[in-house]
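Colleague: Which chain is which? The protein sequence lines are R and C, in order.
Following my numbering, the numbering of the first sequence begins with 1086 at its first residue and continues without gaps.
Following my numbering, the numbering of the second sequence begins with -1 at its first residue and continues without gaps.
Where a beta carbon is used, it is the ideal one built from N, C-alpha and C, also for glycine.
My structure is below; once you've seen it, I'll send some questions.
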Amino acid sequence: MNGTLAVARYTLLELSRRKLLLVFFVIGVLGIAAIGIALKLVPTNMSFGGGPPGTPQPDPAVVSRFLELQFVRTLIGVVGFFALLIAFAIGMTAIYHDLESGAAVAIFSKPVSRLAFTAGKVIGAFIAMVVVVGLLGLEARLLMTLFGGGLEGAMWVETVAAVANASLLMLIVLALSTWMNNIIAAVVAFIYNFAASIVVGLHAQVVNAGVIGDNPIVKTVLTILYWLVPHPLMSDASKQIAKAQFEMFPPTMGPGGQVPGPGAPTTDQMLAGVPGGSGIEDILWWAFGIAFMAALVYIAVRRKQV
Amino acid sequence: MAAVVSVEGLRKRYRFRDPWAVNYVSFELQPGQAFGLLGPNGSGKTSVVKMIAGLLRPDEGKISLFGEPPGNPKARANLGFAPEDPDFPKFLRAGEVLDYFASLLGLDEGERKRRIPETLAFAGLDKERRQVRQYSKGMKQRLGIAQAILGRPKLLILDEPTADLDPLGRRDVRALIESLKASGVAVLLNSHLLSEVELVCDTVAILGKGRVLKEGTMAEVVPEGKTLEDVFVELINEAFPQKRDNLPTFITDVENK
Chain R
1086 MNGTLAVARY TLLELSRRKL LLVFFVIGVL GIAAIGIALK LVPTNMSFGG
1136 GPPGTPQPDP AVVSRFLELQ FVRTLIGVVG FFALLIAFAI GMTAIYHDLE
1186 SGAAVAIFSK PVSRLAFTAG KVIGAFIAMV VVVGLLGLEA RLLMTLFGGG
1236 LEGAMWVETV AAVANASLLM LIVLALSTWM NNIIAAVVAF IYNFAASIVV
1286 GLHAQVVNAG VIGDNPIVKT VLTILYWLVP HPLMSDASKQ IAKAQFEMFP
1336 PTMGPGGQVP GPGAPTTDQM LAGVPGGSGI EDILWWAFGI AFMAALVYIA
1386 VRRKQV
Chain C
-1 MAAVVSVEGL RKRYRFRDPW AVNYVSFELQ PGQAFGLLGP NGSGKTSVVK
49 MIAGLLRPDE GKISLFGEPP GNPKARANLG FAPEDPDFPK FLRAGEVLDY
99 FASLLGLDEG ERKRRIPETL AFAGLDKERR QVRQYSKGMK QRLGIAQAIL
149 GRPKLLILDE PTADLDPLGR RDVRALIESL KASGVAVLLN SHLLSEVELV
199 CDTVAILGKG RVLKEGTMAE VVPEGKTLED VFVELINEAF PQKRDNLPTF
249 ITDVENK
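See the structure below:
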């Protein structure tokens, strides 16, 4: 236990002094502030409507609500994006540099088990992630307090979800960087994460909404793939935002006021394709993913000869 | 008296098709004994000590460290290991590195407060405020020795401990080894500096291509009128005869001058 705590403590201290993490954090803080402020200032200086005489003018209240929802959606997306960057920054360095520099030679000759070392590294990395992403989430929440937008409660859930998703990605990078160069590990993890997000998106469209088609083979393949990749955890905010937007701009009133043709997806179908709040099975799948990846990190560290 | 470390029929190779880096090496080390492990580059000295420290897994053979396999963390509680070309978490300072390692050794706060400043002073790093990444090789080597003695080990393994040290640092390491030996600590010394080994070690083993070519007390290995270096060179030349005057022709060619 002492070994685990010592490793965690000094991993945190090291991470706090790493320039890469600091740079990502500063970019995150500035990026969230810039995007938040820009999304609020730019629309207020823009005029809506226009077009040829006789074109129906949008209701200013509807436009304002639409912009607020866009503001919230963007903030949620930006926090999630920076959480992933932080996951890469921590995952690429937390264990790799000890193994690569030779520091592990001195550490592993001490009376500390590889399990205690791995646990300490994972705990230290996780705490660093919670602190950094938590601060970014707090900043986004403050912007929402300043500028409104609704769905304030969802921001905390989204921040927790961002930490959870990024933790899983961080563990993948940690495990891979024990086997291979940390940059290659990050690239492999990025490709895997990207492929997983495509599978999850397609699953929502095809299996949940039946938007793209109704082929049972495609559905089965997608369902199998879906349960082979991590499911990003999320709040219900995306669905609420989509629902509000459909209420403001119903599909029966397209951009030109035209009525959609037969066979076009209904509002319910389109809403079913928007990922909703994560359910218990997603949380359990995430927990299994975390346990599995943590075990992989341990096996990789245990097998490592330094 | 129970051996501090016992190595029996040790074999190791890094890849299946590679030659054996360590090939049937056996020896024992008693408390208070200083054992010199010698050999040319690539003879397997570092592989042997890394297996004793639990950092590498042997393919064959048996290692007993204080009666336990070295993979058991308890067995390493009384081990101090100063690796060749040591490195440490880059963003920590010397005092933090020692505090980190003291925590891994399970030293309580009182002991840490007593030992760390003294150890830093011994290593000449007590006034150093920079992070490890800014250290010279010599400073890292001194920190490597400092962390190795921090736990007051019963077995101290020094892998090329003086390679990057200045003459004063070398003298300090010699004095350290003598002092530890006198207090019953076993020392396993890997070094190319044969004169140093001759000064401090009671027993030596000379390795060549992973095998023990000669082993015994200093008196057994080095006959009257010869030095350890003479014996070493003769032994290696006999075991692995090769052309030694293979200087590049652009150096030896008179017309190029």
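Measuring only the C-alpha atoms, how far is residue 1120 of chain R from residue 1113 of chain R?
Modeller: Looking at the two C-alpha atoms, the distance is approximately 10 Å.
Colleague: Looking at the unbroken beta strand (DSSP E) that takes in residue 22 of chain C, where does it start and where does it end?
Modeller: Segment 20 to 27, the beta strand (DSSP E) holding residue 22 of chain C.
Colleague: On the three-pair Cβ rule with 8 Å, is the stretch 1174 to 1194 of chain R touching the stretch 1225 to 1237 of chain R?
Modeller: Contact fails: fewer than three Cβ-Cβ distances are below 8 Å.
Colleague: How big is the Cα-Cα spacing for residue 80 of chain C and residue 1107 of chain R?
Modeller: Roughly 33 Å between the two C-alpha positions.
Colleague: Beta-carbon of residue 1385 of chain R versus every beta-carbon of chain C: anything under 8 Å?
Modeller: Not one chain C Cβ lies under 8 Å of residue 1385 of chain R.
Colleague: State the CB to CB distance for the pair residue 175 of chain C and residue 198 of chain C, rounded to an integer number of angstroms; the pair is presumed to be in contact (CB under 8 Å).
Modeller: So it is a contact: roughly 5 Å between Cβ atoms.
Colleague: How far does the alpha helix (DSSP H) with residue 1211 of chain R in it reach, from first residue to last?
Modeller: Where residue 1211 of chain R is concerned, the enclosing alpha helix (DSSP H) stretches over 1199 to 1232.
Colleague: Under a CB-based cut-off of 8 Å, is residue 1181 of chain R close to chain C?
Modeller: Not an interface residue.
Colleague: Can you give me the start and stop residues for the alpha helix (DSSP H) that residue 1278 of chain R sits inside?
Modeller: Note, residue 1278 of chain R: alpha helix (DSSP H), 1267 to 1288.
Colleague: For residue 1340 of chain R and chain C, any beta-carbon pair shorter than 8 Å?
Modeller: With a pLDDT of only 49 at residue 1340 of chain R, under 50, the local geometry of the prediction cannot be trusted, and the value read off the model is given with reservation. Answer no: the Cβ-Cβ gap between residue 1340 of chain R and chain C never drops below 8 Å.
Colleague: Can a CB atom of chain R be found closer than 8 Å to the CB of residue 227 of chain C?
Modeller: Not an interface residue.
Colleague: Tell me where the beta strand (DSSP E) around residue 153 of chain C begins and ends.
Modeller: Residues 153 to 157.
Colleague: Please list, in chain order, the residues of the stretch 97 to 122 of chain C that have any C-beta partner in chain R closer than 7 Å.
Modeller: Listed in sequence order: 98, 99, 101, 102, 103 and 104.
Colleague: Below 8 Å on the Cβ atoms is my guess for residue 146 of chain C versus residue 118 of chain C; work out the distance and round it to an integer in Å.
Modeller: In fact, because the Cβ distance is near 14 Å, the residues do not count as touching under 8 Å.
Colleague: From the beta carbon of residue 1158 of chain R, is the nearest beta carbon of chain C less than 8 Å away?
Modeller: It does not; no Cβ of chain C falls within 8 Å.
Colleague: State the DSSP-derived secondary structure class of residue 215 of chain C, mapped to helix, strand or coil.
Modeller: Note: residue 215 of chain C maps to strand in three-state DSSP.
Colleague: For residue 1187 of chain R, go through chain C and note every residue whose CB falls closer than 8 Å to its CB, in chain order.
Modeller: In chain order: 81, 83, 84 and 85.
Colleague: Beta-carbon of residue 43 of chain C versus every beta-carbon of chain R: anything under 8 Å?
Modeller: Residue 43 of chain C does not count as touching chain R.
Colleague: Would you call the stretch 98 to 116 of chain C in contact with the stretch 146 to 155 of chain C, where contact means no fewer than 3 C-beta pairs closer than 8 Å?
Modeller: Yes, they touch.
Colleague: What would DSSP say about residue 129 of chain C, mapped onto helix, strand or coil?
Modeller: Strand, per DSSP.
Colleague: Could you pull the DSSP bridge partners for residue 36 of chain C from this structure?
Modeller: Beta-bridge pairing links residue 36 of chain C to C:204.
Colleague: Quick one: what's residue 61 of chain C bridged to in DSSP?
Modeller: Its beta-bridge partners are C:5.
Colleague: Between the C-alpha atoms of residue 108 of chain C and residue 1192 of chain R, what's the straight-line distance to the nearest angstrom?
Modeller: Roughly 22 Å between the two C-alpha positions.
Colleague: Looking at the C-beta of residue 1225 of chain R, does it have a partner C-beta in chain C at a distance below 8 Å?
Modeller: It does not; no Cβ of chain C falls within 8 Å.
Colleague: Any beta carbon of chain C sitting closer than 8 Å to that of residue 1057 of chain R?
Modeller: What is shown of chain R runs 1086 to 1391, which leaves residue 1057 of chain R out entirely.
Colleague: Using alpha carbons as the reference points, say which of C:21, C:204, C:248 and C:25 lies closest to residue 2 of chain C.
Modeller: Of C:21, C:204, C:248 and C:25, the residue nearest in Cα terms is C:25.
Colleague: Using 8 Å as the cut-off, can you tell me whether the stretch 1163 to 1170 of chain R makes contact with the stretch 1248 to 1264 of chain R, which would need three or more C-beta pairs spanning the two stretches below that distance?
Modeller: The stretch 1163 to 1170 of chain R is in contact with the stretch 1248 to 1264 of chain R.
Colleague: Who are the Cβ neighbours of residue 1158 of chain R in its own chain at under 6 Å, not counting the five residues just before and after it?
Modeller: Here the set comprises 1326.
Colleague: Start and end of the beta strand (DSSP E) containing residue 185 of chain C?
Modeller: Note, residue 185 of chain C: beta strand (DSSP E), 184 to 188.
Colleague: Please return the same chain residues whose Cβ sits closer than 7 Å to the Cβ of residue 1359 of chain R, not counting the five positions on each side in sequence.
Modeller: 1323, 1324 and 1327.
Colleague: Under the rule that 16 or more other beta-carbon atoms within 10 Å means buried, what is residue 48 of chain C, buried or exposed?
Modeller: By the neighbour-count rule (16 or more Cβ atoms within 10 Å), residue 48 of chain C is buried.
Colleague: Find the nearest neighbour of residue 1215 of chain R within the set R:1310, R:1190, R:1229 and R:1241, judged by alpha-carbon distance.
Modeller: Among R:1310, R:1190, R:1229 and R:1241, the Cα nearest to that of residue 1215 of chain R is on R:1241.
Colleague: At the level of alpha carbons, what is the spacing between residue 232 of chain C and residue 165 of chain C?
Modeller: Straight-line Cα distance between these residues: approximately 28 Å.
Colleague: Pick out the complete beta strand (DSSP E) segments inside the stretch 70 to 128 of chain C, 3 residues or longer, and give them in chain order.
Modeller: With a minimum length of 3 residues, the continuous beta strand (DSSP E) runs that stay inside the stretch 70 to 128 of chain C are 77 to 80.
Colleague: Establish whether the CB of residue 1306 of chain R and some CB of chain C are separated by less than 8 Å.
Modeller: Chain C contact via Cβ: absent.
Colleague: Give the interface partners of residue 1267 of chain R over in chain C, defined as CB-CB distance under 7 Å, in chain order.
Modeller: Here the premise fails: no neighbours, minimum Cβ distance about 14 Å.
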